[in-house]
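Asks: Take this structure first; my questions come after.
Residue numbers (the numbering used here): 3 to 363.
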């Protein structure tokens, strides 16, 4: 079962699936920037269908979930809202670099949400999250400069009301995403780590919410069908039988990328749910932030872009703070807890021994 995957397997799902998903997404947006709604719906359908066998039962459509339905519905509503808000932000002329920068504050908002709900974090954990956030911001800013996108110009030339509204939409999405992460952690704590149930119902229960948007979805799909025909890369073509290439359906490239985006999203979200079932919400956010930086580095390597000094600084901050957080969470805190327990036992033995001698005297 997937639950038995080693940490290396979970990392492969997250970094391999999520990074590939980003590239498929970029390929779609290059042809049709206004297709975020269709991409989201396709991802929800694929994930719901793939997760259905884990929740089916012979003789009935669905087996009774271990998690109360009202909590699954609440999680699904938040999940749908977060995805829709993140896509909606692009309608307010928010550039991709600014979008990435604002979403990089997930670790901060997640930690804040956990703190509000009574969770405690060590000073080193807080410091590592702050440094990581700074590193992601520097990396995103460097990425924008390397691509010739002046963020200052973007901010000053965009109409104030539209841009500010986009910022507000992203802020609401980020805060809601953080509370959703903590809420899911509470569900796991109360009812067991049934991440597969949460994965299925968060997507399945969201599907009816797309019904009012069918006209827009149809328009977006028609536009994707107008993209050039899919042609396999030369390196891939050499390994595919000629008869198969010859008989490939004449499907537009963007439609292929739409399916590829959905499949890689399935791998990505499976890895994230596995990680979330065995780690804290902050740890999940940390890993995803590191994954973002890996995507940028791979993009630079694959497309031959120059690695600037700012990008190196950002990489050092992100990977360094991520390692620091991991050490503090898995080693530092546990080591201090063992010392406190050992100290308490020693104090107890001393007090008992002293008391016994006093009685003898």
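Glycine residues also receive a C-beta, built at the ideal position from the N, C-alpha and C atoms. Just so we're clear, the structure is a prediction, and the values are computed from it rather than from any experiment.
1. Relative to the C-alpha of residue 139, which residue among 335, 316, 343, 341 is closest?
2. When you compare each of 43, 31, 27, 25 to residue 219 by their alpha carbons, which one comes out closest?
3. Look up residue 55 in the DSSP assignment and give the residues it is bridged to.
4. Can you tell me where the alpha helix (DSSP H) holding residue 82 begins and where it ends?
5. Under the assumption that residue 257 contacts residue 227 (Cβ atoms under 8 Å), give the Cβ distance between them as a whole number of angstroms.
6. Quick check on residue 254: does DSSP put it in helix, strand or coil?
7. Determine the contact status of residue 130 and residue 330, defining contact as a CB-CB distance below 8 Å.
8. Assess, as a yes-or-no matter, whether the segment 35–50 is touched by the segment 181–200 under the definition of 3 or more beta carbon pairs within less than 8 Å.
9. Taking the beta carbon of residue 188 as the centre, do at least 16 other beta carbons fall within 10 Å, making it buried, or is it exposed?
10. Assign residue 231 to one of two classes, buried (16 or more other C-beta atoms within 10 Å of its C-beta) or exposed (fewer than that).
11. What's the C-alpha gap between residue 278 and residue 123?
12. At what residues does the alpha helix (DSSP H) containing residue 23 begin and finish?
13. Does the count of Cβ pairs from the segment 259–277 and the segment 69–86 closer than 8 Å reach three?
14. Can you list, in chain order, the residues of its chain whose CB lies under 7 Å from that of residue 59, leaving out five sequence neighbours each side?
15. Cβ of residue 323 within 8 Å of Cβ of residue 137?
16. Per DSSP, which residues does residue 231 bridge with? Please list them.
17. Short of 8 Å in beta carbon distance, which residues of its chain neighbour residue 21, apart from the five on each side in sequence? Order them along the chain.
18. Can you say whether residue 117 is buried or exposed, counting buried as having 16 or more other CB atoms within 10 angstroms of its CB?
19. Taking 8 Å as the cut-off, decide whether the C-beta atoms of residue 49 and residue 271 are in contact.
20. Rounded to whole angstroms, what's the CA-CA distance from residue 166 to residue 90? Just pull it up for me.
21. Residue 19 to residue 345, Cα distance in whole Å?
22. May I ask which residues mark the beginning and end of the alpha helix (DSSP H) holding residue 201?
23. For residue 274, does the count of other Cβ atoms within 10 angstroms reach 16, so buried, or fall short, so exposed?
24. Which one of 168, 23, 184 has the shortest CA to CA distance from residue 1?
25. Helix, strand or coil: how does DSSP classify residue 13 here?
26. Looking only at its chain, what residues have a beta carbon closer than 6 Å to the beta carbon of residue 15, apart from the 5 residues adjacent to it on each side?
27. Going by DSSP in three states, residue 327 sits in which element: helix, strand or coil?
28. CB-CB under 6 Å to residue 259, same chain, minus the five flanking residues each way: which ones, in chain order?
29. Please check the pair residue 134 and residue 288, which I expect to be a contact at CB under 8 Å, by giving their CB distance rounded to whole angstroms.
30. With 16 as the cutoff for other CB atoms within 10 Å, does residue 68 come out buried or exposed?
31. So which of 110, 207, 215 has the shortest CA-CA distance to residue 177?
32. Residues in the same chain with beta-carbon distance under 8 Å from residue 186, minus the five sequence neighbours each way, listed in chain order, please.
33. Are the beta-carbon atoms belonging to residue 84 and residue 175 less than 8 Å from one another?
Replies: Reading it off the structure:
1. Of 335, 316, 343, 341, the residue nearest in Cα terms is 316.
2. Answer by Cα proximity: 43.
3. Note: residue 55 sits in no beta bridge, so no partner.
4. Segment 71–90, the alpha helix (DSSP H) holding residue 82.
5. Cβ-Cβ separation between residue 257 and residue 227: approximately 6 Å, consistent with a contact (criterion under 8 Å).
6. Three-state result, residue 254: strand.
7. Taking 8 Å as the Cβ cut-off, residue 130 and residue 330 qualify as a contacting pair.
8. The answer is no - the segment 35–50 does not touch the segment 181–200, with fewer than three Cβ pairs under 8 Å.
9. So residue 188 counts as exposed.
10. By the neighbour-count criterion, in which 16 or more other beta carbons inside 10 Å mark a residue as buried, residue 231 falls on the exposed side.
11. Separation of residue 278 and residue 123 (C-alpha to C-alpha, rounded to the nearest whole angstrom) is 18 Å.
12. In the DSSP assignment, residue 23 falls within the unbroken alpha helix (DSSP H) covering 20–33.
13. With a cut-off of 8 Å, the segment 69–86 and the segment 259–277 do not count as touching, because too few Cβ pairs lie within range.
14. Counting only Cβ-Cβ distances below 7 Å, and skipping sequence neighbours, we find 65.
15. Going by C-beta atoms, residue 323 is nearer than 8 Å to residue 137.
16. DSSP lists 254 as partners of residue 231.
17. Cβ within range, chain order: 293, 296, 297, 300.
18. Result: exposed.
19. Contact annotation: residue 49 and residue 271 have beta-carbon atoms nearer than 8 Å.
20. So the two alpha carbons sit approximately 13 Å from each other.
21. Going from the Cα of residue 19 to the Cα of residue 345 covers about 46 Å.
22. Counting along the chain, the unbroken alpha helix (DSSP H) around residue 201 starts and ends at 197–206.
23. Label assigned to residue 274: buried.
24. Outside the displayed range of the chain (3 to 363) lies residue 1, so it cannot be described from this structure.
25. Note: residue 13 maps to helix in three-state DSSP.
26. Hits under 6 Å: 269, 272, 273.
27. Of the three classes helix, strand and coil, the one that applies to residue 327 here is helix, per DSSP.
28. Residues 26, 29, 30 of the same chain have their beta carbon placed closer than 6 Å to that of residue 259, with the five preceding and five following residues left out of the count.
29. The beta-carbon separation of residue 134 and residue 288, rounded to 7 Å, stays under the 8 Å limit for a contact.
30. Exposed: under 16 other Cβ atoms inside 10 Å.
31. The candidate whose alpha carbon is nearest that of residue 177 is 110.
32. In chain order, 77, 200, 278, 283 place their CB closer than 8 Å to the CB of residue 186, counting only its own chain and leaving out the 5 sequence neighbours on each side.
33. Contact: yes.
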